[in-house]
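Take a look at the structure set out below.
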DNA sequence: TTGTAAGCGTTATCAA
DNA sequence: TTGATAACGCTTACAA
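Protein chains in written order, with the numbering used here: chain E, 1 to 334; chain S, 335 to 668.
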């Protein structure tokens with residue numbers, strides 16, 4: 001690999017001069033600058049990042065811990081990465097442990113991150129690393145960090161206002177004439193873990209209360225998967241009196257599963273019951289009928305998280321519990 | 335940050351001795367080793383990776399270029415990462431350009447990769463980096479590499495045998511009594527770009543020919559999206575005489591879209607027509623009725639790719655055009 | 001306008 | 001058993 005030394009030797013000047021020419025730092029005779037640039041080009045010189053990091057003490061890498069990125073988190077990540085790249089940083093991804101309660105694995109991941117001495121760190125949703133543990137580590141090592149969407153206001157967190165999202169979604173159902181709107185989904189939040197049942201339920205209750213409409217909740221137990229929950233909810237739905245004419249479901253995945261069960265029982269959608277999801281996942285448009293859904297502001301979250309990091313790296317203190325406004329973007333089908 | 339020097343100073347020995355104790359390299363007096371380890375522990379010493387990389391000339395990072403990982407590629411990535419991590423490497427992810435024809439962006443990504451001087455490189459499906467270009471660069475810099483699933487036998491490629499997958503899938507449909515099996519999907523391969531229409535069609539034709547059954551192909555143009563293609567195929571399907579009693583579809587996404595159109599026309603699944611997908615995506619179990627699908631050996635591909643890299647790094651030459659055997663794993667619903 | 005030299009934290013050679 | 005020391009490639013204070 002060609003180094004500054006090589007270029008200096010060929011050009012017949014000192015390393016420092018080559019360095020000056022390459023970084024536009026101070027005066028360099030014009031013909032020498034030209035020559036250095038030409039040789040650099042020809043030899044395909046590239047700076048040795050490790051050497052630079054060692055010398056300057058700071059890398060230009062930002063480490064993000066993720067779980068298995070689904071399409072939603074992927075959107076966040078792409079926006080996050082693009083924003084930071086534009087600011088001259090490169091994003092390094094690490095995979096969290098399989099299981100959040102695996103302390104050894106958690107340590108391993110955090111160590112892998114801190115060993116790299118990144119310029120900053122990000123904790124993505126479902127990374128399976130306890131937020132408090134990670135934050136303690138980052139604080140200790142003075143690594144600027146951001147947590148994405150952790151249902152946890154106590155840290156520098158960027159999240160989506162799901163309460164408002166569900167509120168507007170339920171309002172939409174009411175505005176098109178539905179009166180017996182039910183909520184189907186989880187009903188508690190799990191701080192640091194992305195499950196936001198209580199928050200969403202709040203939005204539902206707020207919307208129904210405002211209109212004086214009767215509330216009906218089909219609660220899914222925390223340990224039940226979204227698709228299982230959606231499918232099994234059919235019994236409670238069938239038993240309900242009066243039967244809801246609309247259901248606000250926790251996510252698109254759960255909604256699709258619920259719709260499949262409705263089909264099994266010959267219940268017509270949306271004539272007998274309207275179903276609305278949450279997330280605007282790809283499955284929403286593959287369902288039959290197409291699923292109406294609420295789009296989360298994933299890109300905005302990614303950008304906001306990146307901005308928060310850039311701010312913290314520049315020494316600014318972010319506002320506490322920063323929440324990105326909910327942005328409804330698409331509603332399809334019925 | 336605490337360094338070897340600090341530990342040496344505290345312990346009252348030389349850096350070299352600390353280094354020896356920590357790396358179990360050569361003789362160290364037992365009590366000193368104990369003490370060094372204790373202090374290391376207490377101070378939370380961690381080696382500076384950049385310094386190590388600078389000194390040794392090789393990092394223990396493996397860079398992978400990806401596009402937006404969907405659930406299938408994510409499976410590959412997780413297996414890939416796990417395998418390499420077990421071997422002591424860490425995987426660094428870079429995002430490819432948005433558009434494969436963007437030469438500037440392609441250069442940028444490849445430069446970002448090579449600047450990091452990784453121990454090896456991997457090119458994931460849909461990374462939007464031209465395979466030939468990347469491979470040329472890797473060869474030039476002597477970076478061991480592997481390409482995943484690129485429909486390109488000319489490089490060190492690990493892929494899935496989709497021909498065989500479709501062949502077995504069609505055979506399955508025949509075995510359950512279907513005779514008018516059609517193929518719906520793309521019909522050409524795009525080398526280096528993951529589209530494998532011709533390959534799959536070959537599998538279909540082979541299966542039908544073997545039984546002497548009539549073939550029917552609903553071809554989707556390359557520029558049409560999977561969901562659009564699936565939806566629009568309904569016209570050709572309705573016009574077909576005789577009407578197929580089963581359809582082997584390119585992917586689950588396309589199959590779900592096609593099924594939605596069948597529902598729109600009141601055609602009963604699977605009574606009138608059986609639909610079978612490919613990929614075993616999550617959408618398969620959210621469809622109604624559940625979509626029978628063919629599972630790709632994603633984890634096996636991830637592991638195989640990792641193994642190929644480990645082999646190349648150890649100086650072994652991999653067999654050309656290595657293909658992971660197709661592994662059918664799940665078939666659901668109908 | 002240019003060059004010398006120190007130093008970042010490791011690894012590893014060589015001598016003691 | 002141990003330690004002095006050079007080197008990796010870069011940045012940068014200082015001198016010329």
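Even glycine gets a Cβ: it sits at the ideal position worked out from N, Cα and C.
{"Asked": "Write down the C-beta distance between residue 107 (chain E) and residue 383 (chain S) rounded to the nearest angstrom, noting that I regard them as a contact closer than 8 Å.", "Found": "Not a contact, Cβ separation roughly 17 Å."}
{"Asked": "What are the boundary residues of the alpha helix (DSSP H) that residue 109 (chain E) is part of?", "Found": "103 to 115"}
{"Asked": "Are the beta-carbon atoms belonging to residue 180 (chain E) and residue 242 (chain E) less than 8 Å from one another?", "Found": "yes"}
{"Asked": "Report the residue ranges of all alpha helix (DSSP H) runs contained in full by the stretch 130 to 212 of chain E; include only those spanning at least 4 residues, in chain order.", "Found": "131 to 140, 162 to 175, 197 to 211"}
{"Asked": "Would you tell me roughly how many angstroms separate the C-alpha atoms of residue 530 (chain S) and residue 518 (chain S), rounded to the nearest one?", "Found": "13 Å"}
{"Asked": "Compute the Euclidean distance between the alpha carbons of residue 404 (chain S) and residue 71 (chain E), then round it to the nearest angstrom.", "Found": "7 Å"}
{"Asked": "Name, please, each residue of chain S whose Cβ falls closer than 7 Å to the Cβ of residue 53 (chain E).", "Found": "384"}
{"Asked": "Give me the Cα-Cα distance between residue 504 (chain S) and residue 254 (chain E), rounded to the nearest whole angstrom.", "Found": "31 Å"}
{"Asked": "From which residue to which residue does the alpha helix (DSSP H) around residue 597 (chain S) run?", "Found": "586 to 598"}
{"Asked": "For residue 480 (chain S) versus residue 338 (chain S), is the C-beta spacing smaller than 8 Å?", "Found": "no"}
{"Asked": "So what's residue 573 (chain S) in DSSP terms, helix, strand or just coil?", "Found": "helix"}
{"Asked": "So if I threshold CB-CB distances at 7 Å, which residues from the stretch 406 to 418 of chain S count as touching chain E?", "Found": "408, 412, 415"}
{"Asked": "Roughly how many angstroms separate the alpha carbons of residue 602 (chain S) and residue 244 (chain E), rounded to a whole number?", "Found": "27 Å"}
{"Asked": "Can you list, in chain order, the residues of its chain whose CB lies under 7 Å from that of residue 475 (chain S), leaving out five sequence neighbours each side?", "Found": "448"}
{"Asked": "Quick one: Cα of residue 583 (chain S) to Cα of residue 258 (chain E), how far?", "Found": "25 Å"}
{"Asked": "If we ignore side chains and look at the alpha-carbon of each, how far apart do residue 483 (chain S) and residue 252 (chain E) end up?", "Found": "30 Å"}
{"Asked": "Please report the straight-line C-alpha distance between residue 460 (chain S) and residue 358 (chain S), rounded to a whole angstrom.", "Found": "44 Å"}
{"Asked": "Count the other C-beta atoms from every protein chain shown that fall within 10 angstroms of the C-beta of residue 438 (chain S), then say buried if there are 16 or more, exposed otherwise.", "Found": "exposed"}
{"Asked": "Under a Cβ-count criterion, where at least 16 other Cβ atoms within 10 Å of its own Cβ denotes burial, should residue 214 (chain E) be classed as buried or exposed?", "Found": "exposed"}
{"Asked": "Could you give the distance in angstroms between the alpha-carbon of residue 635 (chain S) and the alpha-carbon of residue 291 (chain E)?", "Found": "34 Å"}
{"Asked": "Which value, in whole angstroms, describes the spacing of the CA atoms of residue 313 (chain E) and residue 570 (chain S)?", "Found": "58 Å"}
{"Asked": "Can you name the residues of chain S whose CB is closer than 8 Å to the CB of residue 46 (chain E)?", "Found": "445, 448, 449"}
{"Asked": "CB-CB under 7 Å to residue 335 (chain S), same chain, minus the five flanking residues each way: which ones, in chain order?", "Found": "none"}
{"Asked": "Quick one: using the 10 Å Cβ neighbour count with 16 as the cut-off for buried, is residue 444 (chain S) buried or exposed?", "Found": "buried"}
{"Asked": "Using the rule of at least 16 other Cβ atoms within 10 Å of the residue's Cβ for burial, across every protein chain shown, is residue 293 (chain S) buried or exposed?", "Found": "Since the first residue of chain S shown is 335 and the last is 668, residue 293 (chain S) is not available in this structure."}
{"Asked": "Among S:394, S:345, S:488, S:590, whose alpha-carbon lies nearest the alpha-carbon of residue 374 (chain S)?", "Found": "S:345"}
{"Asked": "Taking the Cβ atom as the reference point for each residue, do residue 234 (chain E) and residue 262 (chain E) lie within a distance shorter than 8 Å?", "Found": "yes"}
{"Asked": "When we look at the beta-carbon of residue 182 (chain E) and count the other beta-carbons within 10 Å, is it buried (16 or more) or exposed?", "Found": "buried"}
{"Asked": "Beta-carbon of residue 70 (chain E) versus every beta-carbon of chain S: anything under 8 Å?", "Found": "yes"}
{"Asked": "Among the candidates E:199, E:231, E:286, whose CA atom is the shortest distance from the CA of residue 165 (chain E)?", "Found": "E:199"}
{"Asked": "Anything in chain E within Cβ reach of residue 552 (chain S), meaning under 9 Å, just list it in chain order.", "Found": "By Cβ distance, chain E contributes nothing, its closest Cβ being about 18 Å from residue 552 (chain S), past 9 Å."}
{"Asked": "Can residue 63 (chain E) and residue 136 (chain E) be called in contact, C-beta distance under 8 Å?", "Found": "no"}
{"Asked": "DSSP on residue 384 (chain S), reduced to helix/strand/coil?", "Found": "helix"}
{"Asked": "If the cut-off is 8 Å on Cβ atoms, which residues from the stretch 530 to 558 of chain S count as contacting chain E, listed in chain order?", "Found": "none"}
{"Asked": "Which two residues bound the contiguous alpha helix (DSSP H) that contains residue 363 (chain S)?", "Found": "No alpha helix (DSSP H) contains residue 363 (chain S), which DSSP labels as neither H nor E."}
{"Asked": "Taking C-beta to C-beta, are residue 73 (chain E) and residue 65 (chain E) nearer than 8 Å?", "Found": "no"}
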